[in-house]
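One structure below.
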Amino acid sequence: MKKITLIPLLVMGLTACGGSSSTTSSNNPGGATLAPMAPATSKITGTVPGTRIDAIADNGRTYTVNSVNDGTAKHPFSLELPSGMGYRLVMVTNENTADEVITPIGFKDAQGAVQTRLKFQAGQTIDLGNVPLAMGHNAAALTDSNHDGVIDSPMILDDVGAKNPLTQVDADKDGVNDFSDADHGGYKYANGVIDSLDTNHNGVPNLYEDQDGDGIVNAKDTDINGDGILNANDTVTNTDTDHDGIPNIIDADSLTKVVVDSNNDGYMDDDLNRDGFHDSDVNRDGYLEDDLNHDGFHDTDSNHDGYYDDDLNHNGEHDGNDRD
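Letter 238 of the sequence shown, counting from 1, is numbered 238 in this note's numbering, and no numbers are missing.
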């Protein structure tokens, strides 16, 4: 899998629905606010009927903002995100109430296939238009078959009068927008590669699934596997081998995700052209060119620390081939 790193997020003070809010980033929705971020950012904007908007990044981080109550039925929002990563969008209405509804967001490509992962260039503003979300369990009854408050499959923006973000982005800068691009902007997963954030490929990120079927989504479940042992005391649930914030029990790439950004500039150490891919991932299939066993590491990285075995100074280069 690609190893993609995080840029700290700019705190945006907003008057949100029901109170003040700020954009936050965490390994789970509603996490701690981070320090001001570097300039390589983009925005997602639109209007919703009073909502929390979550963007789950490839590295497992969740970026969150609340819409602004402007006295209308269409509350505006603006979510600023680090560029160079893929994101999955989820929107939450009636947050933390018995009538909470969680809606994953999807959009179609030119072939009619539903996509849920979006990536954009630095400095872009992507407008989703108005997203008409369900404002309670009764309104969501037809699309939430088990009545757990999580819509069964993504709401397709194209089908509800909102704007398709794929028509607005060209992630690989090849002159073809991602709606019409056969490889969806150069970041489509290779055949057979599992999306670690949506392991069953149903369009609903793992955080919002209900693994043990108890009616509580994974992100809020204190006993995620339903074995009667709280997550904090459960070695099976609590193990996070790759330190991406997703327990191994729901993490498809629990051994293969390593983030290496030693100078904290928001880009992988071996992404010198800053396109969001390892420089040695020439065909952008999500694997390094010398990762022939497709385990997510250089084949010469025997200890799986994210560095070549002979890269003793940890700059992303073989020590005999350092670039100025």
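Backbone N, C-alpha and C fix where the C-beta goes; we use that ideal spot for every residue, glycine too.
Note that the structure is predicted; figures quoted are calculated from it, not measured.
Sorted by chain position, which residues of the same chain lie with C-beta nearer than 8 Å to Val217's C-beta, five sequence neighbours on each side aside? Ile102, Asp148, Gly149, Val150, Leu207, Tyr208, Glu209 and Asp210
Do the region 104-112 and the region 135-148 make contact, defined as three or more Cβ pairs closer than 8 Å? no
Which of the three DSSP states is assigned to Leu166 in this structure? helix
Round the Cβ separation of Gly46 and Leu133 to the nearest angstrom and send it over; I've been treating them as touching at under 8 Å. Contact check for Gly46 and Leu133: beta-carbon distance about 11 Å, past the 8 Å limit, so the pair fails to qualify.
Between which two residues does the beta strand (DSSP E) harbouring Pro104 extend? Val101 to Lys108 is the span of the beta strand (DSSP E), which, as asked, contains Pro104.
Cutoff 6 Å; reference Asn191; Cβ partners in own chain excluding five residues on either side: Residue placement at Asn191 cannot be trusted, given a pLDDT of 47 that sits under 50; what the coordinates show is reported in the next sentence. Once the five neighbours on either side are set aside, Asn191 has no close Cβ partner at all.
Please classify Tyr87: does DSSP put it in a helix, a strand, or coil? strand
Is the Cβ-Cβ distance between Asp159 and Val169 less than 9 Å? no
Here's the rule I'm using: 16 or more other beta-carbon atoms within 10 Å means buried, otherwise exposed. How should Lys173 be labelled? exposed
Can you tell me whether Tyr208 is helix, strand or coil according to DSSP? helix
CA nearest to the CA of Asp70, picked from Ala162, Val48, Gly60 and Met135: Val48
Ala57 - DSSP class collapsed to helix/strand/coil: strand
Can at least three beta-carbon pairs, one atom from the region 81-92 and one from the region 49-68, be found at a separation below 8 Å? With contact defined as three or more Cβ pairs closer than 8 Å, the region 81-92 and the region 49-68 are in contact.
Determine the closest residue to Asn138 out of Lys163, Gln111, Glu100 and Thr116, with distance taken between C-alpha atoms. Glu100
Where does Thr51 fall in DSSP's three states? Note: Thr51 maps to strand in three-state DSSP.
Could you tell me if His75 is buried or exposed, where buried requires 16 or more neighbouring beta carbons within 10 angstroms of its beta carbon? buried
DSSP bridge partner residues for Asp127 (one or two, in chain order): Thr45
Between the Cα of Asn96 and the Cα atoms of Lys220, Leu312 and Ile224, which residue gives the shortest distance? Lys220
On the DSSP bridge list, what partners appear for His201? DSSP lists no partner for His201.
Looking at the ligand MN, does it come within less than 8 Å of Gly136, judged from the CB to the closest heavy atom? As for the ligand MN, it is missing from this structure, which has no ligand bound.
Going by the beta-carbon positions, is the gap between Ser78 and Ile56 smaller than 9 Å? The answer is no: Cβ separation not under 9 Å.
To the nearest angstrom, how far is it from the Cα of Ala332 to the Cα of Asp227? Residue numbering for the chain in the displayed model covers 1 to 324; residue 332 lies beyond these limits and cannot be assessed.
Between Ala182, Asn313, Gly50 and Asn225, which has its C-alpha nearest Gln111's C-alpha? Nearest Cα to Gln111 within the set Ala182, Asn313, Gly50 and Asn225: Ala182.
Taking 9 Å as the threshold (C-beta atoms), are Pro154 and Val114 in contact? Taking 9 Å as the Cβ cut-off, Val114 and Pro154 qualify as a contacting pair.
Quick check on DSSP: helix, strand or coil for Val176? coil
Between the CA atoms of Gln121 and Asn225 - distance to the nearest angstrom: Taking the Cα positions, Asn225 is about 38 Å away from Gln121.
Give the single residue among Gly213, Asp109 and Ala162 whose Cα lies nearest to the Cα of Val131. Ala162
Taking just the CA atoms, how far does Asp198 sit from Val204? 6 Å
Option nearest Lys119 by Cα separation, candidates Asn94, Pro165, Met135 and Leu142: Pro165
Should Asn200 be labelled buried (16 or more other beta-carbon atoms within 10 Å of its own) or exposed? Under this definition Asn200 is an exposed residue.
Identify which residue in Ser280, Thr93, Ala40 and Ala141 has its Cα closest to the Cα of Gln124. Ala40
Considering just the uninterrupted stretch of the beta strand (DSSP E) at Thr64, what are its terminal residues? Thr62 to Asn66
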